Amino acid sequence: MVTVKLKEIGKNFGEVKIINGVNWEILKGELMVLVGPSGCGKTTLLKIILGVLDPDNGEIYFNQKLMNKVSISERNVGFVPQNFGLFPHLNVNENIGYGLKMRNIPKNKIEMLTNKFIGMLKLEGLGLRATNQLSWGQRQRVALARALAIEPSLLLLDEPLSAVDWASRKEITDEINRMQKRLRITTIYVTHDINEAFEIGDRIAVMHDGKIEQCDRAECLIKTPKSNFIAAYLKNRRVGK
Ligand SMILES: Nc1ncnc2c1ncn2[C@@H]1O[C@H](COP(=O)(O)OP(=O)(O)OP(=O)(O)O)[C@@H](O)[C@H]1O
Ligand SMILES: [Mg+2]
Numbered sequence: 231m232v233t234v235k236l237k238e239i240g241k242n243f244g245e246v247k248i249i250n251g252v253n254w255e256i257l258k259g260e261l262m263v264l265v266g267p268s269g270c271g272k273t274t275l276l277k278i279i280l281g282v283l284d285p286d287n288g289e290i291y292f293n294q295k296l297m298n299k300v301s302i303s304e305r306n307v308g309f310v311p312q313n314f315g316l317f318p319h320l321n322v323n324e325n326i327g328y329g330l331k332m333r334n335i336p337k338n339k340i341e342m343l344t345n346k347f348i349g350m351l352k353l354e355g356l357g358l359r360a361t362n363q364l365s366w367g368q369r370q371r372v373a374l375a376r377a378l379a380i381e382p383s384l385l386l387l388d389e390p391l392s393a394v395d396w397a398s399r400k401e402i403t404d405e406i407n408r409m410q411k412r413l414r415i416t417t418i419y420v421t422h423d424i425n426e427a428f429e430i431g432d433r434i435a436v437m438h439d440g441k442i443e444q445c446d447r448a449e450c451l452i453k454t455p456k457s458n459f460i461a462a463y464l465k466n467r468r469v470g471k
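When the letters of the sequence shown are read in order and numbered with the numbering used here, they come out as residues 231 to 471.
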């Protein structure tokens, strides 16, 4: 479990400033939701925290430790990418155990941990199945199991429900919520669905113009939106749920 702190993070793609001075703190064990319109830089920010993209400016801290120069594997971050990123040539068991194999964990321990997460995410009986023969909900759970199997200090979920049908959404958000509370992993959950954000987040960060414009508990966002943008963004929420 870590506290994540970003200080003045900036990132350009060519001439375009995508991330423009992000200051943000995610507390130990917190389920932080990151929302914002498509293209505002949510995935880019996750990739900077994960370590696959270097920021042009600013500092990333896990607890008090500066992480800018720390390699991806040493950051120990579990990542569920926007399209799940499952390996099509590997079966379910092999996908879940992939990160452990990369860390040279002994075979019997990989098997033990894989089975543990198969059970936890209700994937029993599917271990030998190719991932393209799974439903979207099952793929999502395999991606989550793979991210959790490395026992990450931080979990990044990039729109994990974007490909899931409405009927399965509630079930999966409940499962993510349960899992996150049980394992107490600091988590950043990206979505552009404000309703999902309100259902799942301990706090919600709203991204706009390359910055975190406001980061607050749901009720504070509603009561005291810091800008017209935030107030307008919140209007997309379904009320009465
Ligand atoms: N490698 C890249 N090179 C150039 N531009 C990029 C690159 N990656 C992302 N971008 C641009 O940066 C902006 C932010 O992209 P990003 O994927 O972070 O947005 P997002 O908030 O995750 O959007 P979405 O909700 O659609 O997933 C977009 O305009 C995108 O086109
Ligand atoms: Mg994205």
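Glycine included, each C-beta is placed from N, C-alpha and C at the ideal position. Predicted, not measured: the structure shown is a model, and the values here were computed from it.
Extent of the continuous alpha helix (DSSP H) to which residue i belongs
i: E304; result: I302 to R305
i: N334; result: Per DSSP, N334 belongs to no alpha helix (DSSP H) and is neither H nor E.
i: F428; result: I424 to I430
i: I279; result: K272 to L280
i: I406; result: W396 to L413
i: N458; result: N458 to L464
i: L374; result: W366 to A379
Where residue i falls, given that 16 or more other Cβ within 10 Å makes a residue buried
i: D439; result: exposed
i: P455; result: buried
i: W396; result: exposed
i: L464; result: buried
i: F314; result: buried
i: P318; result: exposed
i: P311; result: buried
i: F243; result: exposed
i: M297; result: buried
i: P267; result: exposed
i: N323; result: buried
i: I249; result: buried
i: K471; result: Only weak support exists for where K471 lies, its pLDDT of 45 falling under 50; the value from the coordinates is given anyway. It counts as exposed.
i: R333; result: exposed
i: K277; result: buried
i: N325; result: buried
i: I302; result: exposed
Terminal residues of the beta strand (DSSP E) in which residue i lies
i: M437; result: R433 to H438
i: M262; result: L261 to V265
i: I256; result: V246 to I256
i: Q444; result: K441 to D446
i: N362; result: No beta strand (DSSP E) contains N362, which DSSP labels as neither H nor E.
i: G288; result: N287 to F292
i: F314; result: Counting along the chain, F314 falls outside any beta strand (DSSP E), and DSSP gives it neither H nor E.
i: K241; result: V234 to F243
Nearest to residue i (by Cα), restricted to the options the options
i: V372; options: A427, F309, L257 and L384; result: F309
i: T344; options: N298, L296, G357 and W366; result: G357
i: A427; options: N321, L391, K331 and G329; result: L391
i: D423; options: V263, G240, G251 and N253; result: V263
i: L353; options: E405, R333 and K337; result: E405
i: E289; options: G329, F459, V234 and I335; result: V234
i: G251; options: S457, A462 and E443; result: E443
i: K237; options: A462, V246, E245 and E255; result: E255
i: I279; options: S383, R376, P336 and R359; result: S383
i: L378; options: G327, T403, E341 and K339; result: G327
i: T224; options: K295, L351 and K241; result: Residue numbering for the chain in the displayed model covers 231 to 471; residue 224 lies beyond these limits and cannot be assessed.
i: N304; options: I340, Q370 and I380; result: Reading the sequence as shown, one finds Glu at residue 304 and not Asn. Here the closest residue by C-alpha is I380.
Contact test: residue i Cβ vs ligand 3 heavy atom, cutoff 7 Å
i: Q312; result: For ligand 3, the structure offers nothing, since it holds only ligand 1 and ligand 2.
- Item | Any 3 or more C-beta pairs closer than 8 Å across the region 427–442 and the region 263–279 | yes
- Check whether the region 398–416 touches the region 249–266, counting contact only when three or more Cβ pairs, one atom from each stretch, lie closer than 8 Å. yes
- Task: Please confirm if the region 416–424 is in contact with the region 385–392, defined as three or more CB-CB distances below 8 Å between the two stretches.
- Result: yes
- Task: Give a yes or no on contact between the region 280–287 and the region 443–459, applying the rule of three or more CB pairs nearer than 8 Å.
- Result: With the cut-off at 8 Å, the region 280–287 and the region 443–459 do not touch.
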